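In the numbering used here, the protein residues as written are 359 to 836.
One structure is given below, encoded as structure tokens.
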Amino acid sequence: MIDSASLLAVLPELVLTAGGLVLLLTAAFGGDGTARVVNWLSVLTLLVAGLMLPVSMEHGPLAFDGLVRADAFSIFAKALIYASAGAAILLAPRYFAAGGAVRPEYPVLILFSSVGMGMMVSAGDLLTLYVGLEMQSLAAYVLASFMRQDERSSEAGLKYFVLGSLASGILLYGTALLYGFTGSTSFDGIAVALGDGVGKGELFGMVFLLAGLAFKMSAVPFHMWTPDVYEGAPTPVTTFFGSAPKVAAMALTVRVAIEALGPAGLDWQQIVIFVALASIIFGAVAAIGQTNIKRLMAYSSINNVGFALIGLAAATPAGVAATMSYMAIYVVMTIGAFACILQMRDAQGRPVESIASLAGLSQSRKGLAAALGIFMFSMAGIPPLFGFWAKFLVFDAAVAAGLTALAAFGIAASVIGAFYYLKIIKTMYFDEPATAYEARGGAVENVILTACAVVIVVGYLLNPVLDQASAAAAASLF
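Right, dumping it as structure tokens:
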């Protein structure tokens, strides 16, 4: 019999599920005319679910016999996920209206995807991990191909589905190996078994499991889907993919590595270091020649995942806190940048994605150019913007853990990444003006990008609060 404490532990997921089902029925019976109402009610549902987060951990961290963990770590990750999902919903209506694809299913799919991501970050067992990950992925496949009349969107959905299915199979195979050789699917049980020694079977299972998670994070060498899906998917969907699922995948990887694979730290640490270095280098180099800003953001996300993994490679509470701090700051930068990209429209209101079209933006749309410049400088790690502190925290954690060479390499590689961010700023402020964009942007987009820009500029004032929150979350894993 399920006890009430377990139900309270998953109260945010219950709120999202109930809200999603009610809104799905509303969309089914009301048709496309309910899109605006469903949009705002979906944001309200996410807000209510977020308010339920503290309640979910009042009766202890474990629920459903250890299948679910309602601790500070999961609450921190879910707060980021719900905020990102809400932003992706609010940014969508104007974009879809221009493409004639305003439908109420979009926010409902994001709600169900958020349920899966909540299960991912609260997983205490390989079975919970897999169910949550697949629930998130199934909604994501549909979202990528949401604009059915657009060939690029259909292609993005198909590619994401095929490669995602392959990654899910790899992850499931690793899960089966770990269960076969450790005799348990719970994170605690696996940790106990690995404490007696890591054999070849456990090692292979670990590699396959981490490979599947690397795909969800867009980490090299499992990044191949990212540029095509980012470019082909509708821009609000790309905004969602670049924020919430990234947080969920990173948080899940951190929890698996620390809680389940903790005794095998020396083994998975080598894998994480390789993936981090490969992602940093490839993401930075591949972005240099891009002409489409959404593809550039795809490679930027690969690059940023590499930096975040440096904190995990440290395998310390400070390292985990740095990784989660990095993801929080990265989410703000990404949502802000995509809010700017959504305002890249020609005089007829049609979306424009070429970097060359940004030429002379500082003359025609001074505010938009300034905001995009802030996000690019922050992603490049220029002090005193918040993006600098994100990189500083992971490098500091790596040095404290004795990974000085890794930190030094990451700092050197940051220079490569700075090139393509500064290239966008140079295009906006120093190139000959191109055809002017639409004279005004959407009100919601303006509010979101302004809020994100303010956070990035004055984020150093919030840094102690963020450090404390992420450190408390990290402490629940050790």
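For glycine and all other residues, C-beta sits at the position ideal for the given N, C-alpha and C.
Being a predicted model, the structure only gives us computed values, none of them experimental.
Decide if residue i is buried, meaning its Cβ has at least 16 other Cβ atoms within 10 Å, or exposed.
i	result
Gln494	buried
Gln648	buried
Glu509	exposed
Lys784	exposed
Arg394	exposed
Thr681	buried
Gly541	exposed
Leu379	exposed
Ala714	exposed
Trp398	exposed
Gly760	exposed
Asp554	exposed
Asp423	exposed
Lys357	Residue 357 lies beyond the range of the chain shown here (359 to 836); nothing can be said about it.
Ile646	exposed
Arg708	exposed
Gly664	buried
Chain C beta carbons: is any one of them nearer than 8 Å to that of residue i?
i	result
Ser523	Judged by its chain identifiers, the structure shown contains no chain C, having just a single protein chain.
Work out the CA separation of residue j and residue i for me, nearest whole Å.
i	j	result
Val752	Ile769	10 Å
Lys604	Ala686	10 Å
Met655	Asp361	45 Å
Ala430	Phe788	47 Å
Pro462	Ala385	6 Å
Gly388	Ala455	18 Å
Ile651	Val426	39 Å
Pro791	Gln706	18 Å
Val373	Val406	7 Å
Met410	Ala363	14 Å
Ile433	Tyr779	32 Å
Ala831	Gln507	43 Å
Pro451	Pro370	25 Å
Ile822	Ser659	The amino acid occupying residue 822 in the given sequence is Pro; Ile does not appear at that position. Approximately 25 Å between the Cα atoms of the pair.
Gln628	Ala797	51 Å
Leu716	Ala697	15 Å
Ala445	Val805	11 Å
Arg653	Ile699	12 Å
Ile740	Thr375	41 Å
Gly623	Ile774	30 Å
DSSP puts residue i in a beta bridge; with which residues?
i	result
Ala421	Val426
Ala481	Val426
Asn650	Ser712
Arg703	Pro709
Ser544	Asp483
Suppose the cutoff is 6 Å on Cβ atoms and the five residues either side in sequence are ignored; what does the same chain contact list for residue i look like?
i	result
Ile814	Ile732, Ser736, Leu743, Phe744
Asp704	Val710
Met702	Val710
Tyr688	Asn662
Val669	The residue asked about is misnamed: residue 669 is Gly in this sequence, not Val. Result list for Gly669: Gly677, Ala680, Thr681, Val752, Ala755, in chain order.
Asp483	Leu425, Thr543, Ser544
Ala794	Ser722
Determine, using beta carbons only, whether residue i and residue j come nearer to each other than 8 Å.
i	j	result
Ala679	Ser828	yes
Ala755	Gly677	yes
Ala443	Leu381	no
Ser625	Leu567	At residue 625 the sequence reads Asp, which differs from the Ser that was named. Contact: no.
Thr543	Leu619	no
Glu803	Leu449	yes
Ser837	Leu516	A question about residue 837 goes unanswered here, because the residues of the chain that appear run from 359 up to 836.
Ala729	Ala811	yes
Ile528	Ala569	yes
Phe836	Pro594	no
Ala738	Ala776	yes
Thr611	Met575	yes
Tyr518	Tyr499	yes
Gly476	Ile439	yes
Phe580	Ala525	yes
Glu617	Ala551	no
Tyr657	Ala671	no
Leaving out the 5 sequence neighbours to the left and right, which residues in its chain are closer than 7 Å to residue i when beta-carbon positions are compared?
i	result
Ile639	Ala771
Ala428	Ala367, Ser414, Met415, Pro419, Ala421, Ser480
Ala514	Ala502, Ser503, Asp586, Val587, Gly590, Ala591
Gly718	Asp789, Glu790, Pro791, Ala792
Val578	Val633, Ala636, Ser637, Phe640, Ile660
Ile693	Ser442, Ala445, Thr597, Ser601, Ile806, Cys810
Which same chain residues, not among the five before or five after residue i, have their C-beta less than 8 Å away from its C-beta?
i	result
Leu521	Phe573, Met582, Trp583
Val466	Gly378, Leu381, Leu382, Ala385, Val396, Ser400
Ala497	Leu467, Ile468, Phe470, Ser471, Gly474
Ser712	Thr649, Asn650, Ile651
Gln826	none
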